[in-house]
Structures are given as C-alpha cells and as structure tokens.
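Start counting the sequence shown at 1; every next residue gets the next number (the UniProt record's numbering). Below is one structure, written out as structure tokens; the observations come after it.
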Amino acid sequence: MDQKAFEEMSIGSYGRDDIVVIGDTVMRLTISLDTMSSQDVPTADTLVRMPSVTRKPQAKREERREQIERQLLDATDRLMADGTSFTELSVDKLATEAGISRASFYIYFEDKGHLLRRLATQVFADLTRDAQQWWGVAGRHDPADVHAAMSAIISSYRRHQPVLIALNEMSGYDPLVGETYRELLTGISAQLTRVIESGQADGSIRAGLPAEPTASALTWMVERTCHVNLPSQPASYDAELAKTLTEIVWGALYLESPQL
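Given below as structure tokens:
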C-alpha cells in the first residue's frame, strides 16, 4: 500500500488516539489494550505465522511530513497572494490547492494554527540558509557575503510574504504561534551571536561589542524592516534595501563602510 492510500484509511492503534475522517466529520478514535480479551492478543506463535504488516519507518514518515509541509507552504503563498487572509482559508481549500486530501491534512496537523507553526519553521529554514551565505564564510571578512545574504533574505521574505504576514497577525492572539515566531527569531539571533563572537576571537570585530544584544538588535532590525516595508514597495526597491542593510550591519560590526 502506498503512503497516500495509507493516509486515506482510518488507522487505529493500541493505547493511543487516532484521527478518523469520514466525509466532513473528524473523530478521535481510542483503542485500549485493556478492552481486549486474551483471545484477541496474538501469541508469539501467531505472530510468527502472521503476514508482516508494512509500516513506514519514522524517517519515511518525517520525509512525508516535510513534503506535505512544503506543498502546503507553496499553496498558502499562492492562495494569499491575492490578499486573502489566512483566517479566510479553509482546510479543504488549503488541502485541495496543495494536492492532498483532507484526511492527510489531519493526519499531520491538529488545526490551522498547528499548520502555521510548521510553515513558520519551513520559512525560517529558508531564511537561515540565506543567512548562511554570510555566516558560513564570515571569517574571510568580505562585505559581498553580507550583501549576498541580505539579498537572499529579502527575496525569501518576498516569496513567503503572505505566510509571514499571517504569522505576525496570529501571533497577537494565538500564544503558540507567537511563541514559535519568537523562538525562531531567537534561534537566528543565537547563530549571529556566534558569528560575532568568532569575529571577536580573530580580532576582526571589536571585543567591547556585546555580542548577544547586538545580534538580537540586528536580527529584529532586518525582520521588522522587511515585514513593514516590502508589502508596500515594488520589487525594484529590494536592491536598494539589500545595500542599505549591508551598510548598517557591516558598519555596526566593523566600524567601517563596506566596499561593494
């Protein structure tokens, strides 16, 4: 049985709850071992003779989850591109646009809030990869690397702008979404802190600069600048913004103007 067919089934398992989706009805099914008689429990001999049940390894399940998350991220970006808010999108519409079933959605996500938290993780993984264009080679002290990272970050903000707007909106009234958003930004700030500390260790960044507060300030500066400015600016604005952010970051860390 392939994964998609498996997801269409209502699967019960001993001692835990499972989601069952029948039409538009979502139920939680619980099967407990203590409801089974001794005749229901397979013996060792029976288990030897029973045909093996194919179960996807945990790694395969996680791979499938990541694939579905990426499909839903792309679908959300498309559906919100015309100005539709995340709260207006139904699970059915999201699932259809992503090319998955409603049942598949509820196998992997509790609700839309859970989906948005997972989408945030995908978006920030992209932003982290963008920043690595500088972080990964910061030791060579080249402002062009900072500029490349800023340009890539701005491009990702553009691409995922609808989801990032939804994150900011829901952070105000959904504590779990707000907590996830702050944790993701804190994680980026922590990585930038290590970049600053490495620069201080090799003497390229002045030792008196407080690494953690500086990293936090720069991280939130980039986040707020992109969030506030990009929705109202044309794509032609991005190159100027990338250069400006590079000037600010480079000047703050190295006390000199970058030669781009």
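Note that CB positions come from ideal geometry on N, CA and C, so glycine has one too.
- prompt: Hey, Q161 and P258 are a contact pair by Cβ (cut 8 Å); roughly how many whole angstroms apart?
  reply: Wrong, their Cβ atoms sit about 27 Å apart, outside the cutoff.
- prompt: Do V195 and A138 come within 8 Å of each other at the CB atom, strictly closer than that value?
  reply: yes
query: Hey, is the segment 166-174 in contact with the segment 100-119, meaning 3+ C-beta pairs nearer than 8 Å?
result: yes
- request: Rank R158, S236, L253 and A235 by C-alpha distance to the C-alpha of D74 and give the top, closest one.
  value: R158
message: Between the alpha carbons of L217 and P210, how many angstroms are there, rounded?
response: Note that residue 217 is Ala in the sequence shown, not Leu. Their Cα atoms are separated by approximately 11 Å.
field: Reduced DSSP category for S171 - H, G, I as helix; E, B as strand; rest coil
entry: helix
- prompt: How about F105 and A95: do their beta carbons lie closer than 8 Å?
  reply: yes
message: Please report the distance separating the alpha-carbon of S101 from that of T84.
response: 22 Å
- prompt: When burial is assigned at 16 or more other CB atoms within 10 Å of the CB, is W250 buried or exposed?
  reply: buried
- request: Measuring alpha carbon to alpha carbon, tell me which of A81, Y181 and S204 ends up nearest R224.
  value: Y181
- request: Compute the beta-carbon to beta-carbon distance between H227 and L164, rounded to the nearest angstrom, for a pair I have assumed lies under 8 Å.
  value: 6 Å
message: If you reduce the DSSP assignment to three classes, tell me which class I205 lands in.
response: coil
field: Residue from S151, R61 and A235 whose Cα sits closest to the Cα of E247
entry: S151
- request: Using the Cα positions of L245 and K93, report the straight-line distance between them to the nearest angstrom.
  value: 38 Å
- prompt: Around the Cβ of Y237, are there at least 16 other Cβ atoms within 10 angstroms (buried) or fewer (exposed)?
  reply: exposed
message: Am I right that residue 261 and I188 are in contact with their C-beta atoms under 8 Å? What's the rounded C-beta distance?
response: This structure cannot settle anything about residue 261, because the visible part of the chain is limited to 1 through 260.
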